[in-house]
Amino acid sequence: MFRTTMASSLSFNAGGLPVLPLPGSYGPPLLGPLKDRLDYFWFQGSETFFRQRAATYKSTVFRTNMPPTFPFLTKKIDPRVIAVVDCAAFPALFDLSLVEKRDVLIGDFMPSTDFTGGMRVMVYMDPSEQKHNAGKAFCLDLLKRRARIWVSEFLLSTDVMLTTIEKELSGSDTRCAGLLVPLQKCIFSFLCKSLAGADPATCPEIADCGFAMLDKWLSLQILPTTSIGVLQPLEEIFLHSFAYPFALVKGNYQKLYDFLEKEGGEVIGMATSEYSLTKEGAIHNLLFILGFNAFGGFSVFLPTLITTLGRDTTGLQGRLRAEVRRVLARGRQLGFDTVKEMELVQSTVHEVLRMNPPVFLQYGRARKDFLLSSHEASFQVRTGELLCGYQKLAMRDPKVFDDPETFNPDRYMGEKGRRLLDYLYWSNGPQTATPSTANKQCAAKDYVVFTACLLVAEIVRRYDDFRCDGSSLSVTKLEKAAASAVPGPS
Ligand code: HEM
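Residue numbers (our numbering): 1111 to 1600.
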């Protein structure tokens, strides 16, 4: 696999890169993991944590511990990982001949299967497991079959959300009570209807509180691995030291399960008859995809997208508006086919995903010994070691992206720009790759991008000016004459 020069003991891999010892350290037992945990959650935060170590070791591949480290109520967690923070080494995490993806969705820590009806759902499975294939094929097929409903339901829910916000802003007060609640309600309603064919309006409790039930269920699972900004050391003591039990959300989960069982009959029938899932398996998997992947992913991504747009002072909104109006001229409808013609809208969405990848950590366990190559060197990885890719730094790799710390909405425009999509990894794979049963790439890779494009297009189509910085929001509606020249979302 690699050769050694006669003159020195330095080895080189087949590509000519030197094979070096992996830099970094796990520190002494207990104290090393504790120090890294406190740095990650408290003293440094995730970005400085990885940046500082990469600078100290002068390497984009290095050893470190990753929290959680002391979850007393769960099985022992091994915090030792090999961190990967550049675009060159990151693809090893997508190469399933090199890494296994079994039970490593959020690292060595896996929430109790109590949260998913006592079963391991497909998202935790490696493609070598038969059940992964059935579950992923079901999800891919579901998205394909329901693409039309997806668009109409998203535009309908977005209209409800924006109308609610406009009502709130109808006085002179520009402070909105919060963007997140109307947005999460919109995401929840559209996902239930488009993915599961289940309308929350049929059940008042689900319509009012379903999004909050899902949010609580999701948060409880990932709490030991997530920083939520509670005053320290309270967060370390109470939130990161043990896993919370499912009992706290059992009642809510059962309500969501019952709702899908009752209202999602057609989709559940498709999963059982065409993909051999049991009825319970179909519902738990559907709930996980809907709640953890889709609702969780959009709840992180869309607020960032909206505030990026709303804070812009460079004239981007005007340029987007001109593009959207041009494509939608002569009464054309907003939909996946029309947003595909909006190059600047797409490039803006891609750039938001590069700067703020919503799921910024990916894990994979080495299936065998192999050499992991950064831009500068190769490192020996041993079977069983856990790789941890930190997207926020990899997506700012200066060897790939010019001026990587700057938000450049035009970055992916034109022939040269489109080639950069090979290095956009937010979906656990390049933006140019295709999700399949044989890989672990997000099943909804294209749906997520086009849905975000729909939202951007709808906002600039609807408003002459849109300002949002998270806590305050103001909009200037289109002049009536201009508005009537552009079709509505229905
Ligand atoms: C902004 C929204 C979303 C983001 C950021 C996101 C991100 C991701 C990421 C990073 C993974 C890989 C996780 C890993 O194995 O390390 C993933 C997997 C997955 N996502 Fe998404 N996702 C989003 C929306 C969705 C939606 C809407 C669906 C389905 C309707 C979906 C379905 C899935 C499925 C089924 C997998 C597992 C793939 C497999 O096991 O082979 N995701 N997603």
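Idealized CB from N, CA, C, for every residue including glycine. From a predicted model like this one, the values you see are computed outputs, not experimental measurements.
For LYS1587, the enclosing beta strand (DSSP E) starts and ends at 1583-1587. It is roughly 49 Å from the alpha-carbon of LEU1324 to the alpha-carbon of PRO1128.
Proximity to LYS1186 across SER1207, PRO1221, GLU1384, VAL1171 peaks at PRO1221, based on C-alpha coordinates. GLY1474 and ARG1492 have their alpha carbons spaced roughly 12 Å apart. Closest in alpha carbon position to THR1179, among VAL1270, CYS1302, VAL1191, VAL1171, is VAL1191. A Cβ-Cβ separation of about 19 Å leaves ALA1308 out of contact with GLU1384 under the 8 Å criterion. Bridge partners of ARG1173 according to DSSP: GLY1134, ILE1192. For GLY1474, the uninterrupted beta strand (DSSP E) segment begins and ends at 1471-1476. Within the same chain, and ignoring the five residues on either side of TRP1152 in sequence, the residues whose Cβ sits closer than 8 Å to its Cβ are GLN1342, PRO1343, GLU1345, GLU1346. Residue burial annotation: LEU1412 is buried, with at least 16 other C-beta atoms found within 10 angstroms of its C-beta. With contacts defined as CB atoms closer than 9 Å, PHE1480 and ALA1193 fail to qualify as a contacting pair. Given a length threshold of 4 residues, each whole run of the alpha helix (DSSP H) inside the stretch 1406-1457 is given here in chain order: 1406-1421, 1426-1437, 1446-1449. Straight through space, the alpha carbons of TYR1535 and TRP1260 are spaced by roughly 24 Å. Under the three-state reduction of DSSP, ARG1577 is assigned to strand. The DSSP-derived three-state label of TYR1522 is coil.
Between the ligand HEM and LYS1246, a heavy atom-to-CB distance of less than 8 Å is present. 9 Å or more divides the Cβ of PHE1204 from the Cβ of PRO1467. Separation of the CB atoms of MET1523 and LEU1454 is rounded to 7 Å, and the pair is thereby assigned contact status at 8 Å. Per the coordinates, the alpha-carbon of ALA1432 lies some 10 Å from the alpha-carbon of ALA1567.
Taking C-beta separations shorter than 6 Å and ignoring five residues to either side along the sequence, the partners of ALA1381 in its chain run PHE1248, LEU1387, ALA1392, following chain order. Distances from the CA of PRO1143 to each of ARG1255, ALA1124, SER1351, VAL1558 were compared; the closest alpha carbon is that of SER1351. Shown here, GLU1157 sits in a helix according to DSSP, grouped into three states. For the alpha helix (DSSP H) assignment, the uninterrupted runs of no fewer than 4 residues enclosed by the stretch 1343-1419 are, from N- to C-terminal side, 1360-1373, 1375-1385, 1389-1398. Sixteen is the threshold: when 16 or more other Cβ atoms of the shown chains lie within 10 Å of the Cβ of PRO1334, as they do, the residue is buried. Taking a cut-off of 8 Å on C-beta distances, the stretch 1500-1515 does not touch the stretch 1554-1572, as fewer than three cross pairs fall below it. Fewer than three pairs of CB atoms, one per stretch, sit closer than 8 Å, so the stretch 1311-1322 makes no contact with the stretch 1394-1404.
Of the other Cβ atoms in all chains shown, fewer than 16 fall within 10 Å of the Cβ of ARG1258; this residue is therefore exposed.
Around the beta carbon of GLU1376, fewer than 16 other beta carbons lie within 10 angstroms, which makes this residue exposed.
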